[in-house]
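In our numbering, the protein residues as written are 19 to 333. Contents: one structure, followed by commentary.
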């Protein structure tokens, strides 16, 4: 094992590293979200790959709104690619930078290609967490690596086959020793009249005996990508029954995000590394409302609202 491999097995990434690669930690999470604003439809797919003494296994899930479909399976054999973005979970899921295939039975399938991707800017030294990605041993790491793409393909959702060619795609990874105990998250596309993508994630953690609740925000508008995360930005989050309220401020930028739940939450399973079990701990609203305002100095750089936002909170 090289020094770099040993370092990445702590969960950390060096500057200009590829966070999409499997790190060798106990948990590697993969998540895709497809938003069809014209149809008012959202489809998500996720895969949690877990390492234990017997090898790598995975949880795979597919969910959609409207309709409330949620399907999942525990797959005994999986492979997370250490050389790039890639995950294979038996014959149930195969994900690459340009495609995703999910087969959870005759009423829960997804087969899409991703075209004209809007990836994380490759020349940036740090990902969504900023310099925090250098720190070994964090409870959870997060990085949205695909901030938009044109979709070709379809999904089978219950009794309906859905054409996703009008959808836009988003994808992210999270990883660590296990899925964090405290978590808030949101993602939205489908802003009327704007080619934009917003994502945020945070949680309560303890570092060196100090309790903190860091949050990171990423906003893409056309070709410009903005990231706000500690310690280069002051971030505050208020997440509860009233919704999601995220505020971030750096020397030049300010971001305000407000999220509101809508409809019933999809109850999604979460894998338990080391036990080959899942728990129904994640409650994710697939089509909530999200408003965002981004200012540079006193000037509003972007303002928009989406009614197809993914919003999640749990503790």
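Note that the Cβ used here is the ideal one computed from N, Cα and C, for glycine as well. Values in this document were obtained by computation on a predicted structure and should not be read as measured data.
For residue i, which option in the options has the closest C-alpha, if you only look at C-alpha atoms?
| i | options | result |
| --- | --- | --- |
| residue 278 | 237, 173, 48, 258 | 258 |
| residue 303 | 120, 70, 62 | 62 |
| residue 71 | 50, 29, 94 | 94 |
| residue 25 | 34, 42, 184 | 42 |
| residue 129 | 89, 180, 107 | 180 |
| residue 132 | 168, 158, 105, 146 | 168 |
| residue 164 | 316, 326, 48, 312 | 48 |
| residue 213 | 311, 242, 300 | 242 |
| residue 320 | 287, 288, 37, 244 | 244 |
| residue 211 | 121, 56, 37, 175 | 56 |
| residue 308 | 264, 154, 141, 75 | 264 |
| residue 92 | 270, 80, 191, 75 | 75 |
Would you say residue i and residue j are within 7 Å of each other, going by their C-beta atoms?
| i | j | result |
| --- | --- | --- |
| residue 40 | residue 100 | yes |
| residue 13 | residue 53 | For residue 13 there is no data in the structure shown, the boundaries of the chain being 19 and 333. |
| residue 291 | residue 45 | yes |
| residue 234 | residue 146 | yes |
| residue 193 | residue 219 | no |
Return the first residue and the last residue of the alpha helix (DSSP H) that residue i is part of.
| i | result |
| --- | --- |
| residue 22 | 21-26 |
Over the uninterrupted beta strand (DSSP E) stretch that includes residue i, give me the two end residues.
| i | result |
| --- | --- |
| residue 290 | 284-290 |
| residue 277 | 271-278 |
| residue 162 | 159-164 |
| residue 7 | The displayed coordinates of the chain run from 19 to 333. Any statement about residue 7 would go beyond what the structure contains. |
| residue 170 | 168-175 |
Helix, strand or coil for residue i? Go by DSSP, reduced to three states.
| i | result |
| --- | --- |
| residue 297 | strand |
| residue 102 | coil |
| residue 328 | strand |
| residue 250 | coil |
| residue 306 | strand |
| residue 18 | Lying outside 19 to 333, the shown extent of the chain, residue 18 is not represented and no answer is given. |
| residue 151 | helix |
Taking 6 Å as the cut-off, does the CB of residue i come closer than this to any heavy atom belonging to the ligand MN?
| i | result |
| --- | --- |
| residue 130 | Ligands displayed in this structure: none; no statement on the ligand MN is therefore possible. |
Counting C-beta neighbours from all protein chains within 10 Å, is the total for residue i 16 or more, i.e. buried, or is it exposed?
| i | result |
| --- | --- |
| residue 198 | buried |
| residue 314 | exposed |
| residue 143 | exposed |
| residue 206 | buried |
| residue 183 | exposed |
| residue 324 | buried |
| residue 316 | exposed |
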